[in-house]
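In the working numbering, the protein residues as written are 5 to 366. Where is the CB? At the ideal position from N, CA and C, for every residue including glycine. This structure is a prediction, so every number in the text was calculated from the model and none was measured.
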């Protein structure tokens with residue numbers, strides 16, 4: 005089957021559906037609701053990883069005896085970035101008075117391997133460059149941003165329950181074809197495992213904090229890394245489909261979140277306790293338009309400045325998604341031919357995401 009997009013059950017930027025993607029997933033498949041309603045987040049549903057682990061509680065509510073034994077849980081779970089803007093609503097053209105002012109909070113919910121580096125590393129430069137303070141020519145009653153403040157905290161829903169989020173916070177995210185994103189994350193993992201630091205850790209023992217430390221389960225991962233393609237890809241897919249987010253048990257020190265690159269997009273959306281209404285795509289020819297729409301029409305930055313900022317970033321070589329695995333793993337089209345069974349298993353694992361996000365199975 006083709007890997008393109010199709011008509012989706014959710015309206016993406018520039019349209020807004022009024023529903024969080026997870027709400028639509030529950031409507032499509034009620035079995036994704038946790039047996040015990042998640043106290044930390046009313047929008048949390050069973051991600052593919054929760055299904056693999058057969059969880060009855062969301063991660064934040066899991067009984068202590070059943071909590072995942074992750075070495076790097078806190079690093080992985082703090083995946084949101086916030087900023088606030090003071091918006092001025094201009095009453096009419098060429099009116100110099102300030103009109104109505106309000107302060108709005110915005111939250112970017114990061115999904116790795118979905119254009120996240122572009123969004124998070126350009127957030128402050130974009131805000132600094134494009135605060136306008138003036139509506140576009142000919143516009144009436146248009147909110148425009150006149151000042152900005154970055155929010156330093158990076159918290160997950162276990163630390164900030166929904167009722168403690170700012171009442172007017174606007175959350176947004178970007179998503180990608182689930183199976184293509186998994187393959188990209190796999191390429192990132194295999195590439196980074198080549199570094200001397202990670203090769204040392206794959207040995208299973210490391211001298212750290214003044215003592216010799218045993219690193220669990222590294223032998224099995226080392227054996228997978230040593231395989232040749234496509235057998236290595238097949239073995240890794242099986243490993244993921246057996247372990248799910250238990251892959252986070254691997255201890256990579258300061259690079260702890262390495263294995264998180266293949267976790268599902270739903271898993272990361274669950275790290276935010278509020279409703280996520282603005283969802284963009286990172287496919288070529290789509291992300292720039294969605295990105296510009298959000299920061300211009302929703303956040304109130306000057307539209308022409310946002311367009312110029314994105315164009316300049318592209319000229320300087322900024323990419324939608326970093327392709328770290330190029331030359332080290334096969335291309336998506338090759339896996340579709342030589343690892344067909346693994347691709348089918350991934351299509352099945354991400355079936356709900358594929359349908360709700362509007363993508364065809366590979």
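- Counting along the chain, the unbroken alpha helix (DSSP H) around residue 185 starts and ends at 182-196.
- Here residue 359 carries a helix assignment [DSSP, helix/strand/coil].
- Here the C-alpha atom of residue 312 lies approximately 15 Å from the C-alpha atom of residue 123.
- Counting other Cβ atoms within 10 Å of its Cβ, residue 184 reaches 16 or more and is therefore classed as buried.
- Under the three-state reduction of DSSP, residue 111 is assigned to strand.
- Within the same chain, and ignoring the five residues on either side of residue 24 in sequence, the residues whose Cβ sits closer than 7 Å to its Cβ are 47, 279, 280, 281.
- If you compare the alpha carbons of 42, 353, 267, 291 with that of residue 116, the shortest gap goes to 267.
- Put simply, of 302, 293, 304 the residue whose alpha carbon is nearest the alpha carbon of residue 314 is 293.
- Judged by their CB atoms, residue 262 and residue 333 are not nearer to each other than the 8 Å cut-off.
- According to the DSSP assignment, residue 225 belongs to the alpha helix (DSSP H) that extends over 222-230.
- Going by DSSP, residue 284 is part of the beta strand (DSSP E) stretching over 280-285.
- Around the beta carbon of residue 277, 16 or more other beta carbons lie within 10 angstroms, which makes this residue buried.
- Ranking 175, 49, 318 by CA distance to the CA of residue 270 puts 49 first.
- In the structure shown, residue 33 falls within a coil segment according to DSSP collapsed to helix, strand and coil.
- Buried is the label assigned to residue 52, since at least 16 other Cβ atoms lie within 10 Å of its Cβ.
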